[in-house]
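Read top to bottom, the protein sequences are chains Y and S. Heads up, the first sequence is in our numbering, so the first residue is 1 and it goes up one at a time. Heads up, the second sequence is in our numbering, so the first residue is 367 and it goes up one at a time. Where is the CB? At the ideal position from N, CA and C, for every residue including glycine. These notes concern the structure reproduced below.
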Amino acid sequence: MYVAVKGGEKAIENAHRLMAEERRGDLAVPELSVEQILQQMRLAVDRVMSEGSLYDPELAALAIKQSRGDLVEAIFLLRAYRTTLPRLYTTEPVDTTAMHVRRRISATFKDIPGGQMLGPTFDYTHRLLDFKLAAESSVEPAAHDEQVGDNGIARVMDLLESEGLVEDVVVDDDDPVGDITRDPMTFPADRDLRLQNLARGDEGFLLALGYSSQRGFGDNHPFAGEIRMGEVAVSIAPEELGFEIEIGDITLSECEMVTSFKGSKSELPRFTRGYGLSFGYNERKVMAMSLVDRALQARELGEEIEAPAQDEEFVLYHSDNVEAQGFVQHLKLPHYVDFQADLVMVRGMREEILKKQQADNSEEAA
Amino acid sequence: MTLDSNAFDSNNENIQARKHWMSVLARAEASQLEQALSELEAAPKYMHLRPPEIGMAMVRGRADAKGDRFNLGEMTISRCSIRLEDGLVGHGYVTGRNKRHAELAALFDAMLQAPGNGPVLTESVIEPLHAIQVEKRQTDSAKTAATKVNFFTMVRGED
Numbered sequence: 001m002y003v004a005v006k007g008g009e010k011a012i013e014n015a016h017r018l019m020a021e022e023r024r025g026d027l028a029v030p031e032l033s034v035e036q037i038l039q040q041m042r043l044a045v046d047r048v049m050s051e052g053s054l055y056d057p058e059l060a061a062l063a064i065k066q067s068r069g070d071l072v073e074a075i076f077l078l079r080a081y082r083t084t085l086p087r088l089y090t091t092e093p094v095d096t097t098a099m100h101v102r103r104r105i106s107a108t109f110k111d112i113p114g115g116q117m118l119g120p121t122f123d124y125t126h127r128l129l130d131f132k133l134a135a136e137s138s139v140e141p142a143a144h145d146e147q148v149g150d151n152g153i154a155r156v157m158d159l160l161e162s163e164g165l166v167e168d169v170v171v172d173d174d175d176p177v178g179d180i181t182r183d184p185m186t187f188p189a190d191r192d193l194r195l196q197n198l199a200r201g202d203e204g205f206l207l208a209l210g211y212s213s214q215r216g217f218g219d220n221h222p223f224a225g226e227i228r229m230g231e232v233a234v235s236i237a238p239e240e241l242g243f244e245i246e247i248g249d250i251t252l253s254e255c256e257m258v259t260s261f262k263g264s265k266s267e268l269p270r271f272t273r274g275y276g277l278s279f280g281y282n283e284r285k286v287m288a289m290s291l292v293d294r295a296l297q298a299r300e301l302g303e304e305i306e307a308p309a310q311d312e313e314f315v316l317y318h319s320d321n322v323e324a325q326g327f328v329q330h331l332k333l334p335h336y337v338d339f340q341a342d343l344v345m346v347r348g349m350r351e352e353i354l355k356k357q358q359a360d361n362s363e364e365a366a
Numbered sequence: 367m368t369l370d371s372n373a374f375d376s377n378n379e380n381i382q383a384r385k386h387w388m389s390v391l392a393r394a395e396a397s398q399l400e401q402a403l404s405e406l407e408a409a410p411k412y413m414h415l416r417p418p419e420i421g422m423a424m425v426r427g428r429a430d431a432k433g434d435r436f437n438l439g440e441m442t443i444s445r446c447s448i449r450l451e452d453g454l455v456g457h458g459y460v461t462g463r464n465k466r467h468a469e470l471a472a473l474f475d476a477m478l479q480a481p482g483n484g485p486v487l488t489e490s491v492i493e494p495l496h497a498i499q500v501e502k503r504q505t506d507s508a509k510t511a512a513t514k515v516n517f518f519t520m521v522r523g524e525d
């Protein structure tokens, strides 16, 4: 428990002024604009939108500026802003098969319908610092190839599915969709709740859990079946219209992981699936998410739940960095009364033990 | 609040046309619509049925891309409904927080439904904006296509 304290207003105000001054930095250096962050720090913007659980690139860029680049703080700001707006619609489920693909790769098949398109990626770079960027860079324009395929590239998983080599996808659109922003998490948690939780979960946490599952803590034996990034249309069906309309596009990343196979006396062996989906270009996030999604299917697949990544209470209760940072950082708030109580107790215990030792010692001496 | 739906809505072909222009208006820049409005002979008079407002839409995905639905996260959107002097009602729904964009989209949505003027506006406003949007897409696709990996297969007896 922490208690309300009075006073310190002036110090707090001055601390915020000092923070604002440090955020601005040397006045001789031009101020960073929100538009510059939006254009040139786009992957930070995407992460903030994803974990802030609100798709609005301008707001995410503003949050990054305000938080001085502290992304978890920026995510917190976006989450807080989110609570000020009414929810007017629920969109139709996005169709990622119809995605306007800007990157699409598969690690399971070399030749796939529609081909492998690397898109803008850090993959295959040498991870050597590029000192040319320290000066102003002149960018060579991107290459164009007019041999453009259609949108709506076939899915790699469909190739496996057509042979029955992977679990069937179940669709039940009469089933109500859970929402962790409106109802508290309950256990056992269905996959809709788990995916919503993971989609806004902390990338670092999911990365570590996904990694742990690869290293044997809940072995998945995964392959990246397909990874996509690009734009999908967003549709709503407003009551006053009575039909569905597209209101724009959003950038999404998606990962379908092909994971360990199983079979039984009654079933032929086949692969299982893990799924990751995220706002923006967040490839590492969706890969990690798909590993954790698969690990969390342990209960439904009748697997032994032995590892942290398979434990849904452990994963879902600790994935949210807004909650996590809040609880960890609340330790900074005044706990004077609590601590006073502990202090009195520890002093009392010490005194008692010391007295007893003294008594024992004098008995031995006697 | 009741938002009259126009008699216009009853015809399927008209709905298809309207869906098209509404999506083009939503994907356009507000500045492009402002420009198109300023080029009209006379600025249309209208009243708000629903003043421009900002809110959110919960974006849904599907597990494994085509399975059961789940809530991915929210996005900001703006909407507005207007009525022209002649009674035609227009609705605007756009992503983001630009209220004026939603208002302009609603205004054009109403004007585009006018039997006489609608087709003219489709020609002069919607199709040029659509062409710009398609071209942007094609440019992106051409850049992506240039990153396509062309594997060559080593001969190994069998594929």
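Residue environment, residue i, which counts as buried when at least 16 other CB atoms sit within 10 Å
i              : result
K356 (chain Y) : exposed
E364 (chain Y) : exposed
K65 (chain Y)  : buried
M117 (chain Y) : buried
H457 (chain S) : buried
E312 (chain Y) : buried
V491 (chain S) : buried
A80 (chain Y)  : exposed
V170 (chain Y) : exposed
D370 (chain S) : Residue confidence is low: D370 (chain S) scores 49 on pLDDT, short of 50, so the model does not pin down where it sits. No coordinate-derived value is stated.
T368 (chain S) : In this prediction, T368 (chain S) has a pLDDT of 46, which is less than 50 and means its spatial position is unreliable; what the coordinates show is noted afterwards. Burial call: exposed.
L128 (chain Y) : exposed
G462 (chain S) : buried
P57 (chain Y)  : buried
V337 (chain Y) : exposed
P222 (chain Y) : buried
A373 (chain S) : At A373 (chain S) the pLDDT is 48, less than 50, meaning the model places this residue with poor confidence and gives no usable figure here.
Y89 (chain Y)  : buried
Residue span of the beta strand (DSSP E) that contains residue i, given as start and end
i              : result
F223 (chain Y) : F223 to I236
G274 (chain Y) : R270 to F279
Opening and closing residue of the alpha helix (DSSP H) in which residue i lies
i              : result
L85 (chain Y)  : Counting along the chain, L85 (chain Y) falls outside any alpha helix (DSSP H), and DSSP gives it neither H nor E.
D249 (chain Y) : Per DSSP, D249 (chain Y) belongs to no alpha helix (DSSP H); it is in the beta strand (DSSP E), I245 to K262.
H467 (chain S) : K465 to L478
V34 (chain Y)  : V34 to Q40
I105 (chain Y) : Counting along the chain, I105 (chain Y) falls outside any alpha helix (DSSP H), though it belongs to the beta strand (DSSP E) covering H100 to I105.
D338 (chain Y) : Y336 to A365
V322 (chain Y) : N321 to Q329
V315 (chain Y) : E312 to H318
F205 (chain Y) : E203 to Q214
M19 (chain Y)  : E9 to R24
S389 (chain S) : N378 to R393
V29 (chain Y)  : Per DSSP, V29 (chain Y) belongs to no alpha helix (DSSP H) and is neither H nor E.
Q398 (chain S) : A396 to S404
R284 (chain Y) : E283 to A295
Chain Y residues whose Cβ lies nearer than 7 Å to that of residue i
i              : result
M388 (chain S) : I245
T513 (chain S) : M117, L118 and G119
E379 (chain S) : By Cβ distance, chain Y contributes nothing, its closest Cβ being about 13 Å from E379 (chain S), past 7 Å.
Proximal chain S residues relative to residue i, where beta-carbon distance stays under 9 Å
i              : result
Y89 (chain Y)  : G421, M422, A423, M424, I443, R445 and Y459
T96 (chain Y)  : G427, R428, A431 and K432
D175 (chain Y) : D434 and R435
DSSP bridge partner residues for residue i (one or two, in chain order)
i              : result
R435 (chain S) : S:R428
Y459 (chain S) : S:R445
R416 (chain S) : S:S447
Q116 (chain Y) : S:V515
A423 (chain S) : Y:Y89 and S:M441
L382 (chain Y) : What the structure shows of chain Y is the stretch from 1 to 366, and residue 382 (chain Y) is not part of that stretch, so it cannot be assessed.
V166 (chain Y) : Y:F271
Amino acids of chain S, ordered along the chain, whose beta-carbon sits closer than 8 Å to that of residue i
i              : result
P93 (chain Y)  : R426, G427, R428 and R435
Q310 (chain Y) : Ordered by position in chain S, no residue passes the 8 Å Cβ test against Q310 (chain Y), which lies about 18 Å from the chain.
A142 (chain Y) : K509 and A512
E136 (chain Y) : Within chain S, no residue comes near E136 (chain Y); the closest Cβ sits about 23 Å away, beyond 8 Å.
Interface flag, residue i vs chain B, CB-CB below 8 Å
i              : result
L399 (chain S) : Absent here is chain B; the protein component of the structure consists of chains Y and S.
Listed by chain order, chain S residues near residue i by CB distance under 7 Å
i              : result
D179 (chain Y) : N437
I236 (chain Y) : A423 and Y459
V170 (chain Y) : G433 and D434
Contact list for residue i against chain Y, beta-carbon separation under 8 Å
i              : result
D392 (chain S) : The question names Asp, but residue 392 (chain S) is Ala in the sequence shown. Simply I245, E246, I247 and G248.
K385 (chain S) : F243, E244, I245 and E246
R449 (chain S) : Near R449 (chain S) there are no residues of chain Y at all, since even the closest Cβ is about 12 Å away, more than 8 Å.
Within 7 Å of chain S by C-beta, residues of the segment 269-303 of chain Y in sequence order: R273, Y275, L277 and F279
Interface residues of the segment 408-430 of chain S facing chain Y [CB-CB below 7 Å]: I420, G421, M422, A423, M424, V425, R426, G427, R428, A429 and D430
Members of the segment 22-55 of chain Y that neighbour chain S once the beta carbon cut-off is set at 7 Å: S53, L54 and Y55
Cβ-based contacts, 7 Å cut-off: residues of the segment 190-224 of chain Y near chain S: R191, D192, L195, Q196, A199 and R200
Members of the segment 311-332 of chain Y near chain S, C-beta cut-off 8 Å: Taking 8 Å as the upper bound on Cβ-Cβ separation, chain S lies near no residue of the segment 311-332 of chain Y.
Interfacial residues, the segment 60-85 of chain Y to chain S, with Cβ spacing under 8 Å: R82 and L85
Contact list for the segment 456-490 of chain S against chain Y, Cβ threshold 8 Å: H457, Y459, V460, T461, G462 and R463
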